[in-house]
Structure formats: C-alpha cells, structure tokens
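Protein chains in written order, with this note's numbering: chain R, 48 to 350; chain G, 48 to 350; chain V, 139 to 402; chain U, 139 to 402. Okay, structure first, notes after.
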Amino acid sequence: MVDLKVKVHNLEFKNPITLASGTCGFAREMADFFDPAIVGGFFLKGSTLKNRDGNEYPRMAETPSGMLNAVGLQNKGIDYFIENIYPEIKDYDTQLIINVNGSTVEDYIALTEKVNELDKIRGIELNISCPNVKEGGMAFGVSCPGAEMVTREVRKVYDKTLIVKLSPNVTDISEIARAVEGQGADAVSLVNTFLGMAIDAETRKPKLSTITGGLSGPAIKPIALRMVWQVANAVKIPVVGMGGIMNAADAIEFMLAGASVVQIGTAVFKDPTLPVQIINELEDYMLRHKVQSVNDLIGELQI
Amino acid sequence: MVDLKVKVHNLEFKNPITLASGTCGFAREMADFFDPAIVGGFFLKGSTLKNRDGNEYPRMAETPSGMLNAVGLQNKGIDYFIENIYPEIKDYDTQLIINVNGSTVEDYIALTEKVNELDKIRGIELNISCPNVKEGGMAFGVSCPGAEMVTREVRKVYDKTLIVKLSPNVTDISEIARAVEGQGADAVSLVNTFLGMAIDAETRKPKLSTITGGLSGPAIKPIALRMVWQVANAVKIPVVGMGGIMNAADAIEFMLAGASVVQIGTAVFKDPTLPVQIINELEDYMLRHKVQSVNDLIGELQI
Amino acid sequence: MRKFKRMAKKFVADFVVVDNKPLNATNFLIKARSNSVLPTILPGQFVNVEINDAKEIFLRRPFSVFEVDYNQNTISMIVKILGRGSKKLTEIEAGCNISLVYPLGKSFTYPAATDKVLLIGGGSGVAPMLFLAKESGLDKTQVDILLGARTKEDHIDVESYSKYANLHYATEDGSLGEKGFVTQHSVFVNDLNKYDKIYACGPDGMMRAIAKVAKAADVFCEVSLENLMACGFGVCLCCIEPTNKGNLCVCTDGPVFNINELKW
Amino acid sequence: MRKFKRMAKKFVADFVVVDNKPLNATNFLIKARSNSVLPTILPGQFVNVEINDAKEIFLRRPFSVFEVDYNQNTISMIVKILGRGSKKLTEIEAGCNISLVYPLGKSFTYPAATDKVLLIGGGSGVAPMLFLAKESGLDKTQVDILLGARTKEDHIDVESYSKYANLHYATEDGSLGEKGFVTQHSVFVNDLNKYDKIYACGPDGMMRAIAKVAKAADVFCEVSLENLMACGFGVCLCCIEPTNKGNLCVCTDGPVFNINELKW
Ligand SMILES: Cc1cc2nc3c(=O)[nH]c(=O)nc-3n(C[C@H](O)[C@H](O)[C@H](O)COP(=O)(O)OP(=O)(O)OC[C@H]3O[C@@H](n4cnc5c(N)ncnc54)[C@H](O)[C@@H]3O)c2cc1C
Ligand SMILES: Cc1cc2nc3c(=O)[nH]c(=O)nc-3n(C[C@H](O)[C@H](O)[C@H](O)COP(=O)(O)OP(=O)(O)OC[C@H]3O[C@@H](n4cnc5c(N)ncnc54)[C@H](O)[C@@H]3O)c2cc1C
Ligand SMILES: Cc1cc2nc3c(=O)[nH]c(=O)nc-3n(C[C@H](O)[C@H](O)[C@H](O)COP(=O)(O)O)c2cc1C
Ligand SMILES: Cc1cc2nc3c(=O)[nH]c(=O)nc-3n(C[C@H](O)[C@H](O)[C@H](O)COP(=O)(O)O)c2cc1C
Ligand code: FES
Ligand code: FES
C-alpha cells in the first residue's frame, strides 16, 4: 500500500487530488457522481459577501484545448451559503475549503470573519485573481502591494489555514508569492485563469458578453506548470497547483514541479468522475515506481 | 476584386499575411513549397551579432494544441547572413524584415547598423522578448525601462521601419507597448512565446534541456488575441499580431482585434503552404462579407 | 483499486453505438446502448456527449433524449448538424464507444390525465416533443403536435407518432402543412385556449414567440431552452437564463422552464 | 483564386491510403497514393505525416520512406507503434486521406558499382535499409543486410529481400539468427573490413555502438538519426545534432550523417 496523505500547513488531505473552485460547485453537485469522501478535498465555488448575479450571457467560449469563462462570481452570498449549503455538506468526510472574494479589503475581512465561525471549513482560499469582475478580484493579485495588503488584513482576523490564490497574469509570479508569504499566508495556490478573448469572425463580435474572460484547460498547462515550479522554488510555504490537469500524469508533473496538492478544474466538465480515476492512477504510478509516500514526489523533479 | 494591401508605417504589404520569425527560416526554406512573392512578407529567423549555437537537445516538446521550443536563437551571426543568405533572397518580391536580438544594448545597436546597409530589408523587428536566452532577450521586454532603453538606442541609429516585438510574459502589455511607442517605435508586434515547461512523469525529468521554453500554437491564441486587442486600444502605431493563427478565421479575428498585419508561426510546421491558403480564404471572406479593403477589417470588432 | 462508490443520481459511462441513421440531409438518429441498467429518464432531460477523436473540440455537446428503451438499455437522440461537434458526431459508426453524462436537467411537467396538450417542436426540438407525446400517457385525442421547419425536406419523418398524437406541420415555404411559422399555424392561432398545457422546444426565437402569445392567453406553457454549456451538471454557471429567481442554470434548473419564470 | 505557384522541391498533399497491414504485433506497412506524379525519393529520405482526428496530437510525425512506386504514385512506410501518434496512425483505414509533407531530408550516399556494403537495421530502422538494398543497383553478392531485434517476434518478414541481399539476423534472446546485439553479430565482428561502406538506421544506442567500431576500423559509415522534429523542413531548428560544423538539423542536413561528421 502506498501513502497518499499530504499536509498543507495544518490541513490534512487524505490524498493530493482536490477539486478547483468554480468547477465543482459546492461539492454537492459532484456527490451526484461519486462519494465526496474519496477525494482529498473541495475548493468550493467563489463566495462573496452579498449575492452576485454574475455577468451576462454568453459566459463561455470553447478554445483549442481549453475554454474561456466569464462567470463573474455568480453566487448567493456568504449568508445563503452558511444557512442553506453548509449544513448539507459539512459532514462530508473530506476537506472543504472556501474560496473568498471581495471588491474591497473590507469585503474580504467581513467574509473571512463569517467563515471563521464554520467548524468544518478549516481553510480559506483567498481569491485575489479572478479576472472576471470589475472591482477587486485580479486587481489585488497582480501587484505586490495589493496582494500584500489583502493578505495582511485577512491574516489578522483568520487563524486557520490561509491559502492565497495567485493570478498568472503577471510578469513575475514568484515575486507575488513571496510577498504573500511575507504577510503570513500559509500556502499559495496557482494558477487562476489567464485573461483571454475570443471573437466570432463571422459576426465580428466578441464571443463573451464581457469581451475578455478567463482561459482554463490543458492549453494553459505548460505555463501553469512553469509557474508552479518557479513559485515552489521561491517560497517555503506549500504550493497548491492547478491549470489544465487532465490525468494522473499531469497531476504527477505538478507534484514533481513542487505542488503538495493539486486541483482538478475544467477537466471535470469533460468527466466529473475524473478525480476518482486520477487517484486510482496515481496509486498505480506509485506502486509501479515504488514511491512509498506522495511526499516523495513533491518537488522531486530531476534536473 | 478585393484590396489586400496594407501599410505598417512606411512598409507596404501586398497582403496582411506574413510569416513569423523563427518559424520560416530565412524564407528560402519556404520557397521550396510556394512562391515567396505570394505572401505579404517574411519575418526572418532571429539574428545575432555573432554565431550562436543555441541550446542543447532536446529543444522541443509537444503540448495540448501547441508546442514548447527552446531553440535559443541558433544562427550563424549577421555577417554570415549578409554574405551568404541575403544575396539569395534579396530579390524575392515581398517584404523581408529581419528579427534582431542582442544580449546587450550595444549588440542591438551594432546589429542594427549592419542591417541598415541592406537595401532590401526595409524594416527590423526588434526582439526584446525571446524567452530562451540567458542574457538580454526577454529581460529587456518585461519592464518599461528596459524596453524603452533598447528602443531609444536603436531608434537613434535606424530610420527605416522599426517594429518592436513584445513579450506576453508581463502583467500589462499595453504599458510596455506605450513605452516603446514613446521612444519612437513605428509599430509593435506581439506576441512572442509564453514561458512554459513540460515534464516527463515517467522519467521525472524536464522535457527540454533548458527546463523552461516558449509556448506557441493555438493553445495561446485566446491570450494573444486579448493582448493584441488591449495594445491596439492603447497605442496609435500599427500592431502586428500573432499567436496560434491556424486559419483565415483566426487571422481575421486578429485583424478585427486591431492587427494591421498578422504573422503565421507554428502553424507552418503543420502545413508550410498554409499562408497561401489563408490568403485565398481571406479573399473569399472579404467577397462574402463585401469588405472592399482589408483596412476595413482592422480594429473593426463590433462591441 | 479504490472502489468507486456511486452516489447514483448522475452517471458518466461509455455506451456502444448500436445505430446511426440519417433522418434527412442534416438530422441523424443515434441510438447507444449501456452495459448497465438505465435510471429513469424523462422527456426534456438531456445527455452530454463526448465527441470522439475530434481535433479542437474540447467540451461535450448536449443533446435531448429522444427515446429510452429500458429493456435494451438504449438511449436515442436526434442530432442535427450545426457545427463541428455535431457534424463529427453524426459520422460515428455502429460499434463505436461513445461517452455520455446522463441523465441531465429537469423534465417537462407531466400533464394531468384529463389535460389537452399542444406540443410544439422546431428543428431538433422535435426530439423531446415526440418523447413527451409517447410518455404522456394521454389519449391521442388529447395531444396535438405542431412541428415547424423551413421546408418539407427539413422535416423528419415522424408518421409513426400519429398513434400518440395528431400531427400538424408548418413550413416557411408551404411545402408541407401550412405555410408560415408555427405561431402562424391555425392550431396555434385559433385554438390556443382549448389547451390546458403547451410544451415547446426549438430555436430561441420560436420559444419567445410562443411564450409571448401563451402569456397573453394565460395558458400554462413550458419551453425547453438551448444554451451554451460547459459542464451540463450545474457547476460552471455558464448556462444561465435570467429568471424571476435570478440567473438560473439551464442545465440543472432547466432546460425546461415555465414561461412565467422567464424574464421574456 | 490566387494561383499556387509551386517551387516544386517539397510538397504538402493529401494521399489516399491504399493499404495498411500489420507486419507483426507492433509494425504496420502503410501504403498511400498521390494524385500527382511523385518526385524522385531516395533511400534515407522521409515524409512528415499528419495524424488525423487525434485529440492532443498537434504536430506531424516523421517516417522513413520504405518503398516508392512511380507507376502507382505510391509511397510506403513501416510504422512502429511507439506512442499515441504512431498508434493512431496504424489504425488508419484504406480509403482514408492522409496528408504528407515530402520528400524530406538527405538520402544515403549511393555505393559505387563495385562496392561491397553492409546494411544494418534495428527496429523501425529496417525500412530505409531495405529501400537502399533494392535501389542500390548492386548485385546480391555485394550486399549484406544485418537486422537486429529483441526477439524473433519483433522481426518483420523481409524474406522477399533475399533477392537483393544476404540476410542476417540478430536477436537478444537468440530466437532468430545469432544471439546478441547487431554489434556482436559475426558479420559485424569478424568481417568489417571486407565492406567498402556501412549504412545503418536504428535506435540511438545502436547507431553509436556501430559508429564506434566503424570509426576504429576506419570504414566509411553513414547512419540515419532519429530525433524530435517540429517542422521537418529546416525552419524550426529543434532537431539538431552537434557536428564538426556546429549544430546541424537532422531534418535537412540529415537524417543521414557520415559518422566522421558527428561528435560521437
Ligand atoms: C439542453 C440542450 C438540448 C439540446 N438538444 C439537442 C437535440 O436534441 N438535438 C440537436 O441536434 N441539438 C440539440 N442541442 C443543441 C446542440 O447541443 C448543439 O447543436 C451542439 O452543441 C452544437 O455543437 P457543434 O460543435 O456542432 O457546434 P459549434 O461548432 O460548437 O457551434 C456552431 C455555432 O452554433 C452555436 N451554438 C452551439 N451550441 C449552441 C447552443 N447550445 N445554443 C446556442 N448556440 C449554440 C455556436 O456558438 C456557434 O456559433 C441541445 C442543446 C441543449 C443546451
Ligand atoms: C527521420 C526520422 C525517420 C523515422 N522513421 C521511422 C520509421 O520509418 N518508422 C517508425 O516507426 N518510426 C520512425 N521514426 C520515429 C517516429 O517518428 C516516432 O516513432 C514517432 O514520431 C513517435 O510518435 P508517437 O506520437 O507515437 O510518440 P509520442 O507519443 O510522441 O512519444 C512517445 C515517446 O517517444 C519519444 N519519441 C517520439 N519520437 C521520437 C523521435 N523521433 N526520437 C526520439 N524519441 C522520440 C517521445 O519523446 C516520447 O517519450 C522516424 C523518426 C525520424 C526523425
Ligand atoms: C467556469 C469556471 C469558474 C471558475 N470560478 C472560480 C472561482 O469562483 N474562484 C476561483 O478562485 N477560481 C475559479 N476558477 C478558476 C479555477 O479554479 C482554476 O484556477 C482554473 O480554471 C485553472 O485550472 P483548470 O485549467 O484545471 O481549470 C474558475 C474556472 C472556471 C473554468
Ligand atoms: C521554434 C520557434 C522559434 C522561434 N524563434 C523566434 C525568433 O528567433 N525570434 C522571434 O522573435 N520569435 C521567435 N519565435 C516566436 C514566433 O515568432 C511567434 O512569436 C510565436 O511562436 C507565436 O506565434 P505562433 O503561435 O503562431 O507560433 C519562435 C517560435 C518558435 C515556435
Ligand atoms: S452548463 Fe455548467 S452550470 Fe450549466
Ligand atoms: S525539425 Fe524543424 S528544423 Fe528540423
């Protein structure tokens, strides 16, 4: 038997295969397909303080080996989550991490304080990298001062595991990672989507209502992998890696590059049972390669 | 008949379909497949002052809808070009633009001065965005001061058309575009490749000798298109667009986003005659949409 | 091997294509068999289909269920060639595997035993309407089906459904049935109030036109909406439709909506 | 329509697959016909093949030419299943289109009329060796072919070539011909100096082993190299091999190199 357990700060994951925020709903939707206890954890859909309708239709466009989305953080607000969703999912035997989003630092703080009360949510993923909202979102995540400020203020009110989710739309992502590490982040997760665009040549119009949107899927994998590797070499805190993971080999590559835990995002749209398959294949790989613990894969790129 | 002619500063292109630097050799190689006079122009392989051996093998890795390369500007140096290659290609009835690369500003200046003497090279593409060299290259292209400095110094010694090729590996590409515009660039071209990485999960080694390399191909198209659109909205000088163009629809999308001329790069590896097909399909599109001149497509995105 | 403990409400599985036959120039009937027993699948629900071996097609494509055979474990769908994915799908050969996510979405509200109903289908929207006609349990006298298409050639042959319903046709060029849009057809124009329920599936424009008249006439009316979907099971929030309850997902809160919910 | 004025040295065209037959468990012979007259194609040259309908395969795959029939306008190649692209290629059916870029690379230097030659092929490296044996114009007595493989099953049947050359086999398990690597085979170990020219194609390790001995024995020796290629026609500079003249492209300066040029 191989040992799949891995820790990110205080958070114990039964295995390193988790689901990315915005692509696994509030975990319930995935429970229609598989037992949530199988996977390492769920990074729940991005929540905001108040209800958000999100952007107008159309919100997505298919691209070569990927897709653009312009959802814009549609959600019913944190109170709705606490009252209506949390009770239903809180006893899932897996890690539930909430993805929090604000337009202002005050939003982030208020949200975090509410989330702090939830027993079964042992960590937050601070999203300072959403490219699909007009205010806040990525604006914080693309500069060191912005990223530092949000991290510092949230850190003051939160003492469970704080994971800061980084934007790839920057010149030097390891600089931002170091900045949030300096402000007390317990881990970083990367990457969020790349700002992209699609046009319909026939109608000469943008394909998304918002003109630009976030690119995800295998298309971005080479860039995401490079960033995980750079960041893992730049910080001491654990790295949660994602971006285009479609199979166990991809997941292993991210771990070799330095990710302790990986998130499966867009791939579940193609196959919602994929995370389960990846766990099985990861076990097979470890048996075949005589790797005892997943910890022996993390950052073990041979160069 | 439709009018395909388009101008970038003083450079007249008989049509907007050109070939990207590093993917069309020195045009001769493409002449094995089609008459070079058919296309708008060739952006010749990146040249340096002295001979460069480039990076070690392996230099490429296939990725979903794209590829990574780590060529590292292998070329025999500008003198070899002037003596042995230029005479052979100088009478091609099309625009020949040379792509110049330096490790230092002095390199760029020396190179430009030599190129200035070549009658049939009416423009240079200043590559400040190569991700595959240890010194110079992208280092200049990812900060405004760096980009400004090279542009300013080269501008002093060059009065034909100066196109500056931008790196997409930045937080705000329109800022860099404005910076080089401010220093007298006649046009900008974008995007160069994205810094990416590939790992072989079985051997646990990087797939490239240099660990990281440049990502190109359709995978990057949505990001490249977004950047062209942002830059076209930020500067007054013409924009030369590229990144994953595989067919006429892609080329048209870049023009709608604001590119006056487009470059076909990686796609020619799949089909070296593609630029010719794209010109034909562009004509068809214009006839079908009753577009008289390509100039009526440039920047004509309907929003 | 980790055991896959199914939570058993939705599934992903490879089916084997047992039949793929052209219904006319652009519509194909594809029937696929599962190895496992099928869950209940109702009219209006859909499946999300992976397109095999197609370069540059990344996501699945949604198609309404047209027929379910619980003895044979087969699901059928009518696929109209629209773009690259549907084209490729219609080229699949019997014997090939095809991956489906199923069953997805909410079904139409079943009519009451005494209801008189009008089913309106346009384009590939016929599929769920025929499915509903068959499954409704109503007598043929209670069910009218109105099908709209551009020309006679665009209609697919549904004569076998005349045992479940009275068939009416509208074509834009008058080559079959009455000339004009479905909303100009006599059963729609004259007799709307004799129906207890109207169900419709088809292009957006048609749905809106029907909804407008039905709303004015205050008749119960459900429409099935098409929409760009990334996941099909409610996690991506790409497939929204603005409603009285805010933006709802067409894939889970729909694709069937009561017109009174919609902001049309 | 703009006229496509061919510069006529290299081509991109759709061929029709006329035959695809398994030679053993992992090797297939694929023959494809062109609509146009073929240019001269020589042993050692290769074609770059587009893999149809394969998700996640972006670039073409290079394969050596095994046979050319100028009457039928066909090119044949031997494809060994290595990874995803070659696997997919071996599944192509007769009648399908396949796009080739051709002819690519430099051929082997033809032997002089009086030369005695040894051709050594390993794995899929047999293809150009058999092509060369046939095209060399030499008498059978002048040509020895030595083929290496892991086991008898890995060898493909090349008996028909015994009219052009004397066939010798090496297998690692001794199940066909002599046991061991080609470089341990008696024709190689004992008789190297009786050959005027040695030609080899196969895995990198085999090429290096042969080159080492040939160099020591000071015999003329050309080897064909395999390498990761993006373009196949000399523009990407990905396929380099360090040589006395610097980094050369395997696709245009090779794939055939004289061992004295190489930095081995
Ligand atoms: C719930 C549901 C049920 C459906 N049932 C059926 C059915 O039974 N039979 C059938 O033939 N089709 C059905 N469709 C439509 C079908 O999903 C699309 O025709 C298909 O996805 C098109 O894929 P493509 O690759 O051929 O087109 P693409 O090449 O992806 O697109 C071609 C063009 O059509 C547009 N388009 C594609 N899909 C949609 C869509 N869903 N809504 C609006 N515009 C779109 C694209 O934007 C593009 O302009 C259904 C759709 C939904 C959401
Ligand atoms: C000039 C030339 C002639 C060739 N002639 C033949 C031939 O006649 N018959 C034949 O069967 N094969 C031939 N090959 C090899 C053939 O091109 C590869 O087997 C094929 O490209 C593998 O593609 P794939 O998608 O199956 O493998 P992939 O899935 O792409 O790769 C599988 C593994 O093999 C490695 N690999 C793939 N291609 C090469 C390569 N060219 N060199 C080294 N490692 C590689 C990859 O890095 C990977 O680890 C030739 C190659 C060259 C360069
Ligand atoms: C439809 C969609 C919605 C998303 N919503 C969120 C979100 O609410 N919060 C967040 O941090 N990331 C969000 N993401 C980003 C993903 O979590 C992930 O970072 C990104 O998609 C890259 O991973 P992938 O390529 O595996 O999908 C979303 C992505 C998609 C495709
Ligand atoms: C193999 C290879 C070599 C390249 N060499 C150069 C170069 O020498 N100079 C340069 O400016 N860009 C170079 N590029 C970048 C391309 O010109 C182009 O900017 C990039 O590939 C994006 O376009 P594409 O996706 O159409 O290929 C190279 C790209 C590739 C794939
Ligand atoms: S398609 Fe993803 S939520 Fe409906
Ligand atoms: S494969 Fe491109 S230069 Fe050889």
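Where a beta carbon is used, it is the ideal one built from N, C-alpha and C, also for glycine.
Bridge partner(s) assigned by DSSP for Gln183 (chain U): Per DSSP, U:Pro181.
Rounded distance between the beta-carbons of Met215 (chain U) and Ala163 (chain U), thought under 8 Å: Contact doesn't hold; Cβ gap of about 18 Å is too wide.
For Lys278 (chain V), three-class secondary structure by DSSP: Here Lys278 (chain V) sits in helix by DSSP.
The stretch 316-346 of chain G: positions lying closer than 7 Å to chain R by Cβ: Sequence-ordered contacts of the stretch 316-346 of chain G with chain R are nonexistent [C-beta pairs closer than 7 Å].
Whole runs of the alpha helix (DSSP H) within the stretch 335-364 of chain U, excluding any shorter than 4 residues: Runs found: 342-355.
Where Ala192 (chain U) meets chain V, residues with beta-carbon distance less than 8 Å: Residues of chain V passing the Cβ test: Asp191 and Lys193.
Cα-Cα separation between Arg169 (chain G) and Asn173 (chain U), rounded to whole angstroms: Looking at the two C-alpha atoms, the distance is approximately 41 Å.
Residues of the stretch 229-252 of chain G with Cβ closer than 9 Å to any Cβ of chain R, in chain order: Listed by position, the residues of the stretch 229-252 of chain G near chain R (Cβ gap below 9 Å) are Phe241, Leu242, Gly243, Met244, Ala245, Ile246, Asp247, Ala248, Glu249, Thr250, Arg251 and Lys252.
Lys317 (chain G) vs Glu231 (chain U) beta-carbon contact at 8 Å: Between Lys317 (chain G) and Glu231 (chain U), the CB-CB gap reaches or exceeds 8 Å.
Near-chain R residues of the stretch 365-394 of chain V - C-beta to any C-beta below 9 Å: The residues in question are Asn365, Leu366, Met367, Ala368, Cys369, Gly370, Phe371, Gly372, Val373, Cys374, Leu375, Cys376, Cys377, Ile378, Glu379, Pro380, Gly384, Asn385 and Thr390.
Any C-beta of chain R under 8 Å from that of Lys147 (chain V): Yes - at least one Cβ of chain R is within 8 Å of the one on Lys147 (chain V).
Cβ pair Ala303 (chain U), Lys278 (chain U) closer than 8 Å: Less than 8 Å divides the Cβ of Ala303 (chain U) from the Cβ of Lys278 (chain U).
heavy atom of ligand 5 below 7 Å from Ala74 (chain R) C-beta: It does not: the Cβ of Ala74 (chain R) is nowhere closer than 7 Å to a heavy atom of ligand 5.
Val197 (chain G) beta carbon less than 8 Å from that of Ile175 (chain G): Yes; because the gap between Cβ atoms is below 8 Å, this pair is in contact.
Reference Val156 (chain V), options V:Tyr248, V:Ile236 and V:Gly343, closest by Cα: Closest by C-alpha distance to Val156 (chain V), out of V:Tyr248, V:Ile236 and V:Gly343, is V:Ile236.
Inter-stretch contact (C-beta, 8 Å, three-pair minimum) for the stretch 99-107 of chain R and the stretch 72-81 of chain R: Short answer: they don't touch.
heavy atom of ligand 7 below 7 Å from Ala368 (chain V) C-beta: Within the structure as shown, ligand 7 is missing, the only ligands being ligand 1, ligand 2, ligand 3, ligand 4, ligand 5 and ligand 6.
Interface flag, Gln349 (chain R) vs chain G, CB-CB below 8 Å: Yes, because at least one Cβ of chain G sits closer than 8 Å to the Cβ of Gln349 (chain R).
Beta carbon proximity, Ile210 (chain R) to chain G, threshold 8 Å: Judged by the 8 Å Cβ criterion, Ile210 (chain R) is not in contact with chain G.
Chain-order list of residues whose beta-carbon lies under 8 Å from that of Arg144 (chain V) (same chain, five-residue window excluded): Confidence in Arg144 (chain V) is poor, its pLDDT being 40 and thus under 50, which makes the residue's placement too unreliable to answer from.
Residues, ordered as in the chain, of the stretch 79-104 of chain G that lie near chain U by beta-carbon distance below 7 Å: Of all residues in the stretch 79-104 of chain G, only Asp79, Phe80, Phe81, Asp82, Ile85, Asp100, Gly101 and Tyr104 come within less than 7 Å of chain U when Cβ atoms are compared, listed by chain position.
Neighbour flag for Lys54 (chain G) against chain U, beta carbons, 8 Å: Interface criterion not met: the Cβ of Lys54 (chain G) is under 8 Å from no Cβ in chain U.
Inter-residue Cα distance where the pair is Val53 (chain R) and Lys193 (chain V): Approximately 37 Å between the Cα atoms of the pair.
For Ser237 (chain U): DSSP bridge partner residues: DSSP links Ser237 (chain U) through a beta bridge to U:Asp152.
CA-to-CA distance, Thr259 (chain R) to Gln310 (chain R), given in whole angstroms: One C-alpha to the other measures close to 24 Å.
Residues bridged to Met289 (chain G) (per DSSP): As computed with DSSP, Met289 (chain G) is found in a beta bridge with G:Gln310.
7 Å Cβ cut-off: residues of chain U touching Asn256 (chain G): Note that residue 256 (chain G) is Ser in the sequence shown, not Asn. Neighbours of Ser256 (chain G) on chain U: none; closest Cβ ~11 Å, over 7 Å.
Inter-residue spacing [alpha-carbon to alpha-carbon] between Gly340 (chain U) and Lys97 (chain G): Each residue's Cα considered, the two are about 36 Å apart.
7 Å CB neighbourhood of Lys353 (chain U) in its chain, flanking five on each side removed: A distance below 7 Å between beta-carbons, with the five flanking residues on each side excluded, links Lys353 (chain U) to the following residues of its chain, in chain order: Ile397.
Between the CA atoms of Leu305 (chain V) and Gly343 (chain V) - distance to the nearest angstrom: Note on geometry: alpha-carbon atoms of Gly343 (chain V) and Leu305 (chain V) lie some 22 Å from one another.
Endpoints, alpha helix (DSSP H) assigned at Ser221 (chain R): It spans Ile220 to Gly229 - the alpha helix (DSSP H) in which Ser221 (chain R) sits, taken as one unbroken run.
Helix, strand or coil at Tyr155 (chain R) according to DSSP, with G and I counted as helix: Tyr155 (chain R) falls in the helix class under three-state DSSP.
Below-8 Å beta-carbon distance, Phe142 (chain V) vs any chain R residue: At Phe142 (chain V) the pLDDT is 41, less than 50, meaning the model places this residue with poor confidence; the figure from the coordinates comes in the next sentence. Answer yes: the Cβ-Cβ gap between Phe142 (chain V) and chain R drops below 8 Å somewhere.
Any non-hydrogen atom of ligand 6 closer than 7 Å to Cys376 (chain U) Cβ: For ligand 6, at least one heavy atom lies less than 7 Å from the Cβ of Cys376 (chain U).
Nearest neighbour of Ser362 (chain U), chosen from U:Gln280, U:Thr247, U:Asp295 and U:Gly221 [CA to CA]: From the listed residues U:Gln280, U:Thr247, U:Asp295 and U:Gly221, the smallest Cα separation to Ser362 (chain U) is found for U:Thr247.
Rounded C-alpha distance that separates Lys317 (chain U) from Gly259 (chain U): Their backbone Cα atoms lie some 16 Å apart in a straight line.
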